[in-house]
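In the numbering used here, the protein residues as written are 43 to 424.
Report on the following structure.
Right, dumping it as structure tokens:
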């Protein structure tokens with residue numbers, strides 16, 4: 043029996059076309075002026091305008107901030123704060139991928155609590171209530187819509203800061219699978235494998251509990267059974283919905299159990315070599331599964347016994363089969379499976395190991411990690 047404290051903070055609204063409800067839901071929050079935080083790609087796809095149209099139809103003054111980049115930085119947040127102040131925003135909508143939602147949270151931290159983003163690096167450092175937020179994800183990956191954390195990179199040092207506080211949770215997550223259909227194939231692949239990593243890592247962390255395990259299992263079932271389908275048939279709305287719900291459930295699992303070594307290993311690859319987060323996780327995850335299986339192999343076996351109705355799902359019960367299956371999915375997605383193909387210098391693994399050992403997520407890994415063991419995992423992935 044594992045004690046836990048599950049406090050649902052986010053209302054989840056799911057279904058094709060529900061983005062049309064954004065305006066009505068915003069009105070329910072008592073707002074009159076809304077800041078929509080998005081990125082140029084989502085704007086170009088027309089999704090930002092769908093949200094804005096719904097908000098304006100509901101009689102709300104709406105301003106768009108589209109200065110969000112992949113892995114949002116403190117500079118992005120500062121620019122968004124300036125616009126939010128100038129327009130006296132009363133509600134913030136994060137409409138886009140994880141970067142847009144994280145940037146929206148970062149803006150909310152500074153707008154309501156002052157200071158700079160570095161002041162909130164860690165957990166529970168906000169002293170004042172924040173503006174209500176609505177998340178409208180256009181990808182199926184980070185699960186940021188159901189998390190209280192914002193991942194913001196320092197614009198100068200490129201260090202990725204996890205800034206978490208219950209006050210930063212979104213009031214509503216609006217999940218419309220129709221918004222994910224226009225994703226480029228590579229974005230689908232990268233965000234999807236990140237969500238799969240979330241499901242697998244949350245299932246074995248030191249903070250796992252009965253609540254998080256329910257979300258991890260549900261996420262794994264939906265993600266593993268739909269990932270290959272959305273790659274083969276991007277217009278399959280049923281599969282898109284499965285991926286979006288799976289990513290959302292994995293986000294809820296993170297909120298209740300945190301992540302592990304695969305994410306600790308991924309962050310230095312992004313900051314030092316510019317490897318996109320999903321790609322970095324994709325390379326490292328199979329090696330982390332093998333490393334952890336020496337201690338929690340029975341837990342991984344449980345996931346191999348989950349009924350996942352797809353071709354190629356492992357029929358055995360050895361954890362090695364799970365690692366091989368993840369590698370298979372990565373290959374099917376045309377993502378790299380080795381670090382050298384991503385331009386990572388083999389001579390850099392000692393420093394990478396040192397950097398990875400400083401990552402907070404590694405402290406939740408079921409098997410203890412340090413700079414030496416993390417270096418060995420990088421070496422195995424070369």
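We treat Cβ as the ideally placed atom computed from N, Cα and C, and that holds for glycine.
* Anyone know if the C-beta pair for residue 75 and residue 123 falls short of 9 Å? -> no
Note to self: Three Cβ pairs or more, each shorter than 8 Å: is that satisfied between the segment 387-404 and the segment 358-373?
What the structure shows: no
**Prompt:** Straight-line CA distance for residue 225 to residue 92?
**Reply:** 16 Å
Proximity winner among 412, 292, 201, 407, relative to residue 115 (alpha-carbon distances): 201
Of the residues 246, 322, 168, 356, which one's Cα is nearest the Cα of residue 211?
-> 168
Original post:
What's the gap between the Cα of residue 329 and the Cα of residue 423?
Top reply: 7 Å
Alpha carbon of residue 251 to alpha carbon of residue 298, nearest angstrom | 8 Å
* Alpha carbon to alpha carbon, what distance is there between residue 175 and residue 199? -> 28 Å
Open item on the list: Here's the rule: buried if 16 or more other CB atoms are within 10 angstroms of the residue's CB, otherwise exposed. What is residue 380?
Closed with: exposed
Between the C-alpha atoms of residue 25 and residue 264, what's the straight-line distance to the nearest angstrom? Outside the shown range of the chain, which is 43 to 424, sits residue 25, and nothing can be said about it.
For residue 282, is the classification buried or exposed, using 16 other Cβ atoms within 10 angstroms of its Cβ as the cut-off for buried? buried
- Item | Buried or exposed by the 16-neighbour rule on C-beta atoms within 10 Å, applied to residue 46 | exposed
In its own chain, which residues sit with a C-beta less than 6 Å from the C-beta of residue 54, not counting the 5 before and 5 after it?
215
Exercise for review: Buried or exposed for residue 83, please, with buried defined as at least 16 other CB atoms from any protein chain shown within 10 angstroms of its CB.
Suggested key: buried
- prompt: So residue 204 and residue 193 are in contact, right, with Cβ under 8 Å, and what is the actual spacing, rounded?
  reply: 6 Å
**Asked** residue 417 to residue 111, Cα distance in whole Å?
**Response** 30 Å
key: When 107, 313, 188 are compared against residue 77, the one with the closest alpha-carbon   = 107
- Message: Could you check whether residue 248 and residue 406 sit closer than 9 Å to each other, using their CB atoms as the reference points?
- Response: yes
Q.
Between 419, 254, 304, 160, which has its C-alpha nearest residue 392's C-alpha?
A. 419
For residue 348, count the other beta carbons within 10 Å of its own beta carbon; 16 or more makes it buried, fewer makes it exposed. Which is it?
exposed
- prompt: Going straight from the alpha carbon of residue 160 to that of residue 196, what length do you get?
  reply: 8 Å
Am I right that residue 230 and residue 273 are in contact with their C-beta atoms under 8 Å? What's the rounded C-beta distance?
6 Å
_Taking the beta strand (DSSP E) that residue 54 belongs to, which residues open and close that run?_
53-56
Checklist line | Chain-order list of residues whose beta-carbon lies under 7 Å from that of residue 119 (same chain, five-residue window excluded) | finding: 145, 148, 149, 152, 159, 194
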